[in-house]
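Undergrad: Residue numbers (the working numbering): 70 to 498.
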């Protein structure tokens with residue numbers, strides 16, 4: 070029964086919800102959107118993530134008291150600018166190279182993140198939804214990879230198209246690293262033991278996903294990612310805990326390497342042998358020698374058109390022409406990207422493509438890096454995750470073109486918007 074100050078009325082199914090109930094509803098909906106991202110970005114088809122900004126926008130509409138849309142603060146404008154300009158580099162390159170608006174396919178997923186960013190500027194959402202979602206998602210992904218390896222006898226695990234072994238394994242590694250960053254947040258919670266156990270196991274599941282996928286490119290950037298975690302945790306840990314953590318890491322890596330079922334030893338040995346054969350002049354194409362040849366070809370194309378690039382179709386045709394002319398192995402013409410994000414962006418979209426991609430990586434690094442030293446555990450955890458995102462993608466992009474896929478742009482853009490939206494509202498102390 071509700072007392073409105075004059076008379077009492079019985080609440081019915083069509084009674085207007087109270088502001089408090091509305092607030093709970095919209096906050097829960099926004100939290101579920103963040104959890105859905107963490108759970109689903111590896112175990113569900115990538116395009117389902119488009120629902121995340123839509124749910125966040127709906128949560129804003131359901132809020133009983135919506136503050137006026139604030140004029141973006143300087144740091145917010147930086148994040149918005151890099152997302153907008155990166156998408157524009159794709160859209161403008163299409164007509165310039167007589168490819169129409171095909172660049173919208175790559176720009177639209179990144180621009181969806183702008184909607185999420187604006188929505189999160191008007192919402193108060195607990196970061197527990199994000200950490201819980203990533204932990205659950207990493208565990209689900211780890212279980213799926215074990216099933217693929219042990220039951221389906223897959224030599225390399227993978228996800229839904231286009232997340233083949235390389236994309237799937239490296240994004241699984243990113244999920245695990247974010248879980249490890251979340252341990253900092255968990256340490257300050259009331260139920261810290263449960264949260265820390267959940268996130269720690271989620272982190273290990275992410276490492277296992279990477280190992281079972283055999284994605285060696287992600288391992289190249291792993292030392293830098295571990296340095297980010299050390300900067301966040303190390304100064305606050307006693308020396309004995311630092312030593313214990315380092316020893317545990319060495320044992321974990323050694324265990325993954327020597328366990329035959331992971332395939333890590335075989336993949337590492339093959340990479341070393343392929344590199345040695347290439348340096349010795351062996352003409353046989355391997356995954357290592359093919360990458361080196363593609364990088365060299367992309368750099369030569371860049372030298373010919375450094376400002377405007379070749380476009381997506383023009384790049385592929387030029388690589389085929391190089392093979393036909395005997396300047397590189399003919400089989401490389403079947404690859405539609407350069408297997409390096411920076412070279413691929415520069416070769417296809419010219420200098421604007423390179424600069425906008427660099428900004429997409431470097432601006433978040435600049436914005437989040439200072440928070441790693443924060444005294445507030447939640448802010449420090451979000452800062453570590455925010456730094457790990459571009460660091461991981463930079464590492465992944467050394468040997469594969471992640472951002473050439475709309476799925477890569479959607480994951481990066483949405484995760485950047487979510488982490489920044491939570492970071493900007495996290496308590497400073």
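Quick reminder that beta carbons are idealized off the backbone N, C-alpha and C, glycines included.
(1) Please confirm if the segment 301-315 is in contact with the segment 239-246, defined as three or more CB-CB distances below 8 Å between the two stretches.
(2) So what does DSSP say about residue 405, is it helix, strand or coil?
(3) Mapping DSSP to helix, strand and coil, what is residue 464?
(4) If we count the other Cβ atoms within 10 Å of its Cβ and call it buried at 16 or more, is residue 410 buried or exposed?
(5) How many angstroms separate the CA atom of residue 285 from the CA atom of residue 463?
(6) Grouping DSSP H, G and I as helix and E and B as strand, with all else coil, what is residue 386?
(7) By alpha-carbon positions, which one of 297, 254 and 387 ends up nearest to residue 495?
(8) Return the chain-ordered list of same chain residues with a C-beta closer than 7 Å to the C-beta of residue 163, the five sequence neighbours on each side being excluded.
(9) Use the C-beta contact count for residue 220: other C-beta atoms within 10 angstroms, 16 or more gives buried, fewer gives exposed.
(10) Run the CB neighbour count on residue 138, radius 10 Å, all protein chains shown included, and call it buried at 16 or more, exposed below.
(11) Quick one: is residue 418 buried, meaning 16 or more other Cβ sit within 10 Å of its Cβ, or exposed?
(12) Which stretch, first to last residue, makes up the alpha helix (DSSP H) that contains residue 354?
(13) Hey, out of 308, 405, 378 and 489, whose CA is closest to residue 440's CA?
(14) When you compare each of 182, 231, 454 and 266 to residue 299 by their alpha carbons, which one comes out closest?
(15) Is it the case that the Cβ atoms of residue 178 and residue 475 are separated by a distance below 8 Å?
(16) What span of residues does the alpha helix (DSSP H) with residue 222 cover, start to end?
(17) I need the boundaries of the alpha helix (DSSP H) containing residue 158, first residue and last residue.
(18) With H, G and I counted as helix, E and B as strand and the rest as coil, what does DSSP make of residue 170?
(19) Pairs of beta-carbons, one from the segment 359-377 and one from the segment 389-404, closer than 8 Å: are there three or more?
(20) Does DSSP put residue 306 in a helix, in a strand, or in coil?
TA: With the structure as the only source:
(1) no
(2) coil
(3) helix
(4) buried
(5) 14 Å
(6) helix
(7) 254
(8) 169, 170, 171 and 172
(9) exposed
(10) Confidence is the limiting factor: at residue 138 the pLDDT is only 48, short of 50, which leaves the residue's position unreliable, though a coordinate-based value still follows. By the neighbour-count rule (16 or more Cβ atoms within 10 Å), residue 138 is not buried but exposed.
(11) buried
(12) Note, residue 354: premise wrong, no alpha helix (DSSP H); not H, not E.
(13) 489
(14) 454
(15) yes
(16) Premise fails: residue 222 is in no alpha helix (DSSP H) and is neither H nor E.
(17) 143-165
(18) coil
(19) yes
(20) coil
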